[in-house]
Amino acid sequence: MIIKILCSIVCVLPLLGAIEDYDDNVWPVVVLGAGPAGLNAALYAVRGGFPTKVLTGPLKGGQLMGTTAVENYAGVKKIQGGELTSIMEEQAVEFGAEVIDDAVTSVDLGQWPFIIRTENGLEKKVFALIIATGATPKMLGVPGEETYFGSGISTCAKCDCRFFTKKDVFVVGGGDSAIEEAMHLSAYANSVTVLVRGERMRAAHLMKEKLIGYPKIRVQLHTQVTQIIGNGKKVTHLELLDALTGRKTMVKADGLFLAIGHKPHADLFKGQLELTEHGYIVCKERSQETSVPGVYAAGDVEDPYYRQAIVAAAAGCKAAIDAGAWLRKMGVTEDVLDKYRK
Ligand code: NDP
Numbered sequence: 100m101i102i103k104i105l106c107s108i109v110c111v112l113p114l115l116g117a118i119e120d121y122d123d124n125v126w127p128v129v130v131l132g133a134g135p136a137g138l139n140a141a142l143y144a145v146r147g148g149f150p151t152k153v154l155t156g157p158l159k160g161g162q163l164m165g166t167t168a169v170e171n172y173a174g175v176k177k178i179q180g181g182e183l184t185s186i187m188e189e190q191a192v193e194f195g196a197e198v199i200d201d202a203v204t205s206v207d208l209g210q211w212p213f214i215i216r217t218e219n220g221l222e223k224k225v226f227a228l229i230i231a232t233g234a235t236p237k238m239l240g241v242p243g244e245e246t247y248f249g250s251g252i253s254t255c256a257k258c259d260c261r262f263f264t265k266k267d268v269f270v271v272g273g274g275d276s277a278i279e280e281a282m283h284l285s286a287y288a289n290s291v292t293v294l295v296r297g298e299r300m301r302a303a304h305l306m307k308e309k310l311i312g313y314p315k316i317r318v319q320l321h322t323q324v325t326q327i328i329g330n331g332k333k334v335t336h337l338e339l340l341d342a343l344t345g346r347k348t349m350v351k352a353d354g355l356f357l358a359i360g361h362k363p364h365a366d367l368f369k370g371q372l373e374l375t376e377h378g379y380i381v382c383k384e385r386s387q388e389t390s391v392p393g394v395y396a397a398g399d400v401e402d403p404y405y406r407q408a409i410v411a412a413a414a415g416c417k418a419a420i421d422a423g424a425w426l427r428k429m430g431v432t433e434d435v436l437d438k439y440r441k
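Numbered by my numbering, the letters in the sequence shown go through residues 100 to 441 in order.
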């Protein structure tokens with residue numbers, strides 16, 4: 100405890116000195132990423148009185164842009180993913196956030212203010228950084244996958260299970276996610292087949308045991324999807340390879356759910372922030388604070404479990420509240436902020 104208190108005093112002292120001198124190269128709050136986590140963080144930060152910039156990164160809008168109808172975002176009955184993102188952006192901008200089409204290329208979190216550099220050649224000092232860079236679902240890379248993504252192929256059973264009512268669907272993957280996806284789907288689908296490429300599922304024993312209570316779910320080992328076939332509008336069949344015999348078969352399929360892992364966009368922070376063994380940013384207890392005070396993370400870049408737009412948005416809200424509280428504690432007063440308000 101004493102060490103903790105000493106550390107925070109040592110951290111605070113240089114900061115208080117630094118913010119007394121106005122430096123117009125400072126962006127007080129910077130949010131990286133313009134998906135639900137980033138845009139909601141920006142909304143809360145700017146409404147909290149902090150001049151806030153959002154750097155969109157390469158995939159503006161995040162994974163919502165790749166989905167079609169969103170029906171599970173509280174308060175909105177049905178909306179296209181892209182439209183939901185645009186509304187979030189409009190709302191944040193209306194309150195004064197600035198959304199910039201640029202991507203961060205490097206960060207220096209070893210000094211304060213933190214330094215960020217961007218693709219467009221900017222180098223800025225930052226008082227508080229909120230990382231909401233998201234994650235990308237891994238893809239199989241087989242023929243038909245790009246064509247039918249969103250038309251029978253999905254990476255989110257919680258989002259899309261209703262569209263597969265009484266259908267025959269497949270899940271690829273042998274981890275905990277594959278089991279969860281299959282369990283969600285079984286409430287709607289006629290049958291769910293989990294395709295596992297190896298000789299066993301790597302999912303936790305307890306998760307595998309749960310499958311016993313789901314008669315509609317069948318697990319098929321040693322099987323790889325080699326091609327996804329459709330009628331031009333939606334998936335109709337899968338070509339499967341039996342890894343033991345080398346034989347290929349064609350099976351009728353209404354849908355295919357990919358649960359082969361995600362890649363969190365956190366490579367930029369390796370060596371500067373604590374990451375999990377799977378590369379997700381570690382947040383402290385119930386907060387969005389990372390291992391570096393003043394740096395926060397929100398959404399799929401720190402959450403390997405829920406991966407829902409509404410959860411990401413809520414994490415963005417928490418990150419902005421955490422960042423605001425920290426900045427106030429660090430002496431970033433109204434007087435200081437006034438200098439950065441246009
Ligand atoms: P994992 O990395 O644990 O599993 C990915 C699975 O996909 C593996 O079975 C892997 O096969 C398979 N796979 C990878 N590439 C391919 C491919 N090209 N073709 C076919 N199969 C492939 O990812 P998860 O998303 O399942 O889990 C990520 C983390 O989140 C884990 O730590 C997990 O425990 C956690 N989690 C926990 C949950 C819970 O506690 N309820 C729910 C969901 C996730 P192979 O095994 O052969 O490598």
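Glycine residues also receive a C-beta, built at the ideal position from the N, C-alpha and C atoms.
Contact test: residue i Cβ vs the ligand NDP heavy atom, cutoff 6 Å
i, result
"Ile327", "no"
"Leu239", "yes"
"Val271", "yes"
"Ser390", "no"
"Ile359", "yes"
"Gly161", "no"
"Arg301", "yes"
"Glu279", "yes"
"Arg406", "no"
"Pro403", "yes"
"Asp275", "yes"
"Arg296", "yes"
Distance, residue j Cα to residue i Cα
i, j, result
"Ser386", "Ala422", "10 Å"
"Ala286", "Glu189", "36 Å"
"Glu384", "Asp402", "13 Å"
"Ala136", "Gly220", "25 Å"
"Val431", "Glu279", "44 Å"
"Phe248", "Asp122", "47 Å"
"Ala156", "Arg346", "Just to set this straight, residue 156 is Gly in the shown sequence, not Ala. Computed Cα separation, rounded: 43 Å."
"Ile101", "Cys382", "Unreliable placement is indicated for Ile101, whose pLDDT of 43 sits below 50; the coordinate value is still reported in the next sentence. Each residue's Cα considered, the two are about 22 Å apart."
"Lys152", "Lys265", "46 Å"
"Gly274", "Leu208", "34 Å"
"Gly174", "Cys258", "15 Å"
"Ala202", "Ala196", "17 Å"
"Arg427", "Pro150", "14 Å"
"Lys362", "Arg406", "12 Å"
"Ala396", "Gln179", "26 Å"
"Gly160", "Ala234", "12 Å"
Burial state of residue i, where buried means 16 or more other Cβ atoms lie within 10 Å
i, result
"Asp366", "exposed"
"Ala419", "buried"
"Asn289", "exposed"
"Thr344", "exposed"
"Val314", "According to the sequence as given, residue 314 is Pro; it is not Val. Burial call: exposed."
"Ser205", "exposed"
"Asp54", "As displayed, the chain neither begins before 100 nor continues past 441, which places residue 54 out of reach and without an answer."
"Ile380", "buried"
"His377", "exposed"
Coil, strand or helix - residue i by DSSP
i, result
"Tyr287", "coil"
"His377", "coil"
"Gly116", "Residue confidence is low: Gly116 scores 49 on pLDDT, short of 50, so the model does not pin down where it sits. No coordinate-derived value is stated."
"Tyr172", "strand"
"Arg346", "coil"
"Arg299", "coil"
"Gly220", "coil"
"Phe262", "helix"
"Phe368", "helix"
"Leu163", "helix"
"Glu384", "coil"
"Thr155", "coil"
"Trp126", "strand"
"Gly233", "coil"
"Ile278", "helix"
"Glu189", "helix"
"Asp267", "strand"
"Glu197", "strand"
"Thr246", "helix"
"Lys177", "coil"
"Val410", "helix"
Within-7 Å CB hit, residue i to chain C
i, result
"Gly240", "Here chain C cannot be found, since the structure has a single protein chain."
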